[in-house]
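2 protein chains.
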Amino acid sequence: MDARQIQQVRRFNRLITQRVGALDHDYLRRGRPLGEARLIYEIGTGGAEVRALRARLGLDSGYLSRLLRSLETQSLIRVRKAPDDGRLRRVELTAKGRAELATYDRLSDRLAQSMLSPLGAAGRERLIAAMAEVEHLIRAVEVRVEAPTGADARWCLNQYFGELAARFETGFDPAKSNPAPDAEMIPPAGVFVVARLDGAAVGCGALRRIDRTTGEIKRMWTAPAARGCGVARKVLQTLEATARSWRLTTLRLETNRTLAEAQALYRGEGYREVAAFNDEPYAHHWFEKRM
Amino acid sequence: MDARQIQQVRRFNRLITQRVGALDHDYLRRGRPLGEARLIYEIGTGGAEVRALRARLGLDSGYLSRLLRSLETQSLIRVRKAPDDGRLRRVELTAKGRAELATYDRLSDRLAQSMLSPLGAAGRERLIAAMAEVEHLIRAVEVRVEAPTGADARWCLNQYFGELAARFETGFDPAKSNPAPDAEMIPPAGVFVVARLDGAAVGCGALRRIDRTTGEIKRMWTAPAARGCGVARKVLQTLEATARSWRLTTLRLETNRTLAEAQALYRGEGYREVAAFNDEPYAHHWFEKRM
DNA sequence: TCCATTCCCTGACTTTAGTCAGAGATCTTG
DNA sequence: CAAGATCTCTGACTAAAGTCAGGGAATGGA
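Following this line, the structure appears as structure tokens:
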């Protein structure tokens, strides 16, 4: 990561907060406190539950309650008990509230148009292509420890095995491979992590303890649609952080020769190829990293 | 400008304000009110005058004064009379203030790093290339009416004539071309506009009244470094807005065959080629647009 | 020299934003 | 059904952000 790259990213960040951040502050508020405006936006046409709003906007319960009361007296929203749970409250926009939301929509459109309009047809295509690229590359990947038995974890593992079967020259039969039962991916024997993009699972990975100082990386997988934006690297970094906290000094992993991207990732992150340390039948390359 | 493009731009804007806007709010503040933090950032190592700060940050005079007083009691800044004008005050960071600024710098770096670090070498290059592209295409071009006799206007016009001389197959001698004296580019006879990027002049254009309903576009020029990001289009749109406010219904212009980009711009903005309406010796194409 | 203007400051506000400690309903679990 | 947990609301705060109306010093032009 050289200084030129960092400078470019910083210049970009500065420009964008000025150009686009203006939206939040001037466009979106429209004479209304920003908090209320954001709230209307977050409630949306479909309505929402108060607790969900609190979580999404990260607001204090009392504060949110007061904001809702204010919108209610402006008759922009209607608050009712949730049908299934009497403690929860459901918020919905009134017709007036929906009109307000539509205005925000138009203003967002106008900002977008003001960015496109000075450009010619070719420039516009270049702009949206570049934006899509930036978007793809900086999407916030969240990596969290989860149980390997969870629904999303299972889904990732199934995808993973499916992909191995498709890509290995010999196909892939889990029964013939060295086993890694769930118990070995649950603390304290190991961990399993799931990577998410906007809430949807897009990758996974596991760390398994071998002995007091050695761990093994397993089950590294990224959904095809999310490749190239750092999901696997982030999963690996998360597993390594866990390994460090466990005071492991050596990490090992093995991989098949058809998984070229994986090998590039491992080498890039400081893994060096070593002699085979196990008899995994589907492995062609064995790697190790000293922490 | 189709809906898909607008959607992409809006998605991008939303994502970016979340990812990057976090900077302003969490990174930059560091236990200090955001207003003070921004102020330190804006003063910078070079110092600044109070009036300039007020203009740049758009703050109320009383509010800014109080912020400055607060930073002064924290001994982060020093305020003195400006040497040349006793009414103005000059603000400078103390050593402690500069240390604080350096911290913000490091935090900005860290944010940039956090965007780059999950990517591999190739991904990083792609990200900064895409960011540079977006940056180039959405830079805020400001177009303002200025006197054609101003220093920047003169500079633009010289560049313009220089470029004509270099590009026309026959060279260019202003004396042989139809004249457009300064007086005809000053209201009410006409207007002259200068386009600026970050304050620096990067283009110009003029509108001249022919009769009660007809105007003529002249002196359209964009600095080579700023081409492709909509400077000329914005200049043209500004001149057209003026023409409309003057109730002109027809706009004319002529151009040389070597200026292909210009012709593409005119056609794209709704100008149609017409028969020669004057005897400009350097012109090959004559255009007209009904408003 | 006088007078309008510019610039910065002070005092006296208001509005937003956000926090914290309960209270009162409602649900879940043993 | 009792006990504990969850959810929303109210009251009582504080801090930050921003506005408005002058006032005094310095300047520039008539």
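Protein chains in written order, with our numbering: chain A, 1 to 291; chain B, 1 to 291.
Note that beta-carbon positions come from the ideal geometry of N, C-alpha and C, so glycine has one too.
The model shown is predicted, which means the values in this text are computed figures rather than measured ones.
For V141 of chain A, the C-beta contacts it makes with chain B under 7 Å involve P118, in order along the chain. Secondary structure of T94 of chain A (DSSP, three-state): coil. With respect to the 8 Å criterion, I77 of chain B and T103 of chain B are not classified as neighbours on the basis of their beta carbons. Nearest CB-CB separation between V202 of chain A and chain B: not below the 8 Å threshold.
Between the alpha carbons of L15 of chain B and G268 of chain B lies a distance of about 31 Å. Put simply, the region 143-154 of chain A does not touch the region 110-124 of chain B. Fewer than three CB pairs are less than 8 Å apart. Runs of beta strand (DSSP E) with 3 or more residues, each lying fully within the region 132-187 of chain A, are found at 141-145, listed in chain order.
Within a 10 Å sphere around the beta-carbon of G190 of chain B sit 16 or more other beta-carbons, which makes this residue buried. Identification of chain A residues near G123 of chain B by a Cβ-Cβ cut-off of 8 Å yields L137, G228, C229 and G230, ordered along the chain.
For V193 of chain B, not one C-beta of chain A is nearer than 8 Å to its own C-beta. Contact of D60 of chain A with chain B is not assigned, every C-beta pair being separated by 8 Å or more. Contact annotation: V20 of chain A and A112 of chain B have beta-carbon atoms that are not nearer than 8 Å.
Boundaries for I77 of chain B: no alpha helix (DSSP H) harbours it, while the beta strand (DSSP E) harbouring it runs I77 to K81, taken from the DSSP string. Rounded to the nearest whole angstrom, the CA to CA distance from S61 of chain B to L34 of chain A is 23 Å. In the three-state DSSP reduction, V20 of chain A falls in the coil class, being neither helix nor strand. Taking a C-beta distance under 8 Å as the contact criterion, N178 of chain A and E280 of chain A qualify as a contact pair. At a cut-off of 8 Å, the C-beta of A55 of chain A has no neighbouring C-beta in chain B.
L253 of chain A is positioned such that its CB atom lies no closer than 8 Å to that of E240 of chain A. Residue pairing by DSSP places I6 of chain A opposite no residue, since no beta bridge is assigned to it.
Contact between the region 209-227 of chain A and the region 181-200 of chain A is present: 3 or more CB-CB pairs across the two stretches fall below 8 Å.
Just so you know, the alpha carbons of D182 of chain A and A276 of chain A end up roughly 24 Å apart. Ranked by Cα distance from A132 of chain B, the options B:R38, B:C229 and B:Y63 are led by B:C229. If you draw a 10 Å sphere on the C-beta of T222 of chain A, you find 16 or more other C-beta atoms in it, and that means buried. The CB of D109 of chain B comes closer than 8 Å to the CB of I6 and R10 in chain A, given here in chain order.
Here the alpha carbons of A206 of chain A and T258 of chain A stand approximately 20 Å from one another. Remark: three or more beta-carbon pairs, one from each stretch, lie closer than 8 Å, so the region 83-90 of chain A and the region 47-61 of chain A are flagged as touching. At the C-beta level, R80 of chain A and L64 of chain A stay beyond 8 Å of one another.
Proximity of R233 of chain A to chain B, defined by a Cβ-Cβ separation below 8 Å, is satisfied. Among the CB atoms of chain B, none fall inside 8 Å of the CB of G31 of chain A. Taking T170 of chain A as the centre and dropping the five residues before and after it, the same chain places the C-beta of Y282 closer than 8 Å to its C-beta, in chain order. Against chain B, the CB of N256 of chain A has no partner CB under 8 Å away; the residue lies outside that interface. For R106 of chain B, no chain A residue has a Cβ inside 8 Å of its Cβ, as the nearest lies near 11 Å away. DSSP, reduced to helix, strand and coil, places I217 of chain A within a strand of the structure shown.
Annotation: Cβ neighbours of N13 of chain A in chain B (cutoff 8 Å, chain order): V20, L23, S108, L111 and A112. For the pair E42 of chain B and R56 of chain B, the CB atoms are nearer than the 8 Å cut-off.
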